[in-house]
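Asker: Numbering (this note's numbering), first residue to last: 15 to 112.
Just so you know, even glycine gets a beta-carbon here, dropped at the ideal spot from N, CA and C.
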């Protein structure tokens, strides 16, 4: 896939974000229920590799017309996993990649 085609796909995805995502981004996310074990450095690499930052921001802060905020008060881990594997709206599912 060429870089211009990928760039066009990213722009098209951002343009197609619906009002539901904008409203969801401005709402408070529920607090996580306890720290999870895992490799934060690996998670950060995957966040960049799969382009999650393009909608959710480099710090997970989200935005008005973009993906919902993931930090500093992230959703419960189980809810996050369910959403990544079967998202609503324009975000593609990542069940085969995670």
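May I have the straight-line CA-CA distance separating residue 68 from residue 77, to the nearest angstrom?
Answerer: The straight-line gap from Cα to Cα measures roughly 10 Å.
Asker: Would you decide whether residue 81 is buried or exposed? Buried here means 16 or more other CB atoms lie within 10 Å of its CB.
Answerer: By the neighbour-count rule (16 or more Cβ atoms within 10 Å), residue 81 is buried.
Asker: Can you tell me the Cα-Cα spacing of residue 62 and residue 87, whole angstroms?
Answerer: Cα to Cα, the separation comes out at about 20 Å.
Asker: Measuring only the C-alpha atoms, how far is residue 60 from residue 108?
Answerer: Their Cα atoms are separated by approximately 11 Å.
Asker: Cβ atoms of residue 85 and residue 103: under 7 Å apart, would you say?
Answerer: No, these two residues do not count as a Cβ contact at 7 Å.
Asker: Mind checking residue 72: buried by the 16 CB within 10 Å criterion, or exposed?
Answerer: Under this definition residue 72 is an exposed residue.
Asker: If you count every other CB in all the chains shown that lies within 10 Å of the CB of residue 99, and 16 or more means buried, which is it?
Answerer: Label assigned to residue 99: exposed.
Asker: What do you get for residue 96, buried or exposed, if any count of 16 or more other CB atoms within 10 angstroms of its CB means buried?
Answerer: Exposed is the call here.
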